[in-house]
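Novice:
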Amino acid sequence: MHFIKSTVLASLAAATSAQVTASKITQGLTDVNAKSLEAASIADKVSSMNVFSEGPKLVNSMKELIELETTQVTALQKRKRSLKIRQTVPDVPEECLNLPEPELQQCIDDLVPSSSSTGLQARQASSAFSTADQQEVCDAFGVYAADSTNMLESLNAKAKFLRQSTPFAAPIAAALRLIENSSDALAFGIVERVPDCAEGVKASQDKYAAYLKTVLAAYDTTECPNGLCPVAGTAA
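With mature numbering (1 follows the signal peptide of the UniProt record, and there is no 0) applied, the sequence shown covers -18 to -1, 1 to 218.
1. Which whole-angstrom value describes the C-beta separation of residue 36 and residue 27, a residue pair presumed to lie in contact below a C-beta threshold of 8 Å?
2. Are the beta-carbon atoms of residue 151 and residue 201 separated by less than 8 Å?
3. Going by other Cβ atoms of all chains shown within 10 Å of its Cβ, with 16 needed for buried, is residue 155 buried or exposed?
4. According to DSSP, is residue 29 helix, strand or coil?
5. Pick helix, strand or coil for residue 143, following the three-state DSSP scheme.
6. I'd like the span of the alpha helix (DSSP H) that includes residue 187, first residue to last.
7. Under 8 Å, do residue 51 and residue 136 count as touching if we go by C-beta distance?
8. Please tell me whether residue 263 and residue 198 are closer than 8 Å, where the distance is taken between their beta carbons.
9. According to the neighbour-count rule (16 or more other Cβ atoms, all chains shown, within 10 Å of its Cβ), is residue 195 buried or exposed?
10. Apply the 10 Å Cβ neighbour rule to residue 153 and answer buried if 16 or more other Cβ atoms are within range, or exposed otherwise.
11. Helix, strand or coil, according to DSSP, for residue 177 in the structure here?
12. Just how far apart, CA to CA, sit residue 8 and residue 115?
13. Please name the residue, chosen from 25, 41, 124 and 6, that lies closest to residue 188 on a Cα-to-Cα basis.
14. To the nearest angstrom, report how far apart residue 181 and residue 204 are at their CA atoms.
15. In this structure, does DSSP put residue 149 in helix, strand or coil?
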């Protein structure tokens, strides 16, 4: 082969650089877990004595959690788009994949005799990781679901108090709705890449999502005047 269009080479380079590895997904989940544990710790500290100092911290921590989850979802979606690009790129020898142009072109010319004799085939995307990598990601998601549930438990324990004449129930509920969306998207993006253990991821996400709905209902202030819900009970 004597020529490959620069647009094809650029597409190949973009697809290669966009690749998401199992370790990247695992690290991303670890970052989310750290923020979940932080939010849980703040929620545990909230009391009638410090609610107006700890309440804003809790809301901000949850917002940062949403940003982290959204970042992971975006990375997974970019990977999906890059796979579509790779499916239309001519098959390139492995030895040439990491070379910049024009070295890439020369490497291909040296290893592939000619396009007419070889009949280049479109690259087939391999979306599945190795069995070990899939298990690594699935294990990491299990920890993610557990840590996220721990955060929800801390929030649920303070729901009654925070709905009682404090302004924080509404923003927490709003954050929980966003987390509901981002966690579902995150799980979906991971399930596509781990067929060997996808059922475990689905089960963990379903259980987490069900509890999230319960906690979200506990923070619902839609029927409360100005978002404040006087509730009988003792403050934490």
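Backbone N, C-alpha and C fix where the C-beta goes; we use that ideal spot for every residue, glycine too.
Specialist: With the structure as the only source:
1. 6 Å
2. In this structure, the beta-carbon distance from residue 151 to residue 201 falls below 8 Å.
3. buried
4. coil
5. helix
6. 180 to 200
7. no
8. A query on residue 263 cannot be resolved here, the shown segment of the chain reaching from -18 to 218 and no further.
9. exposed
10. buried
11. DSSP places residue 177 in coil when its eight states are reduced to three.
12. Spanning the two alpha carbons is a distance of roughly 10 Å.
13. It is 124.
14. Answer to the nearest angstrom: the Cα atoms are 36 Å apart.
15. coil
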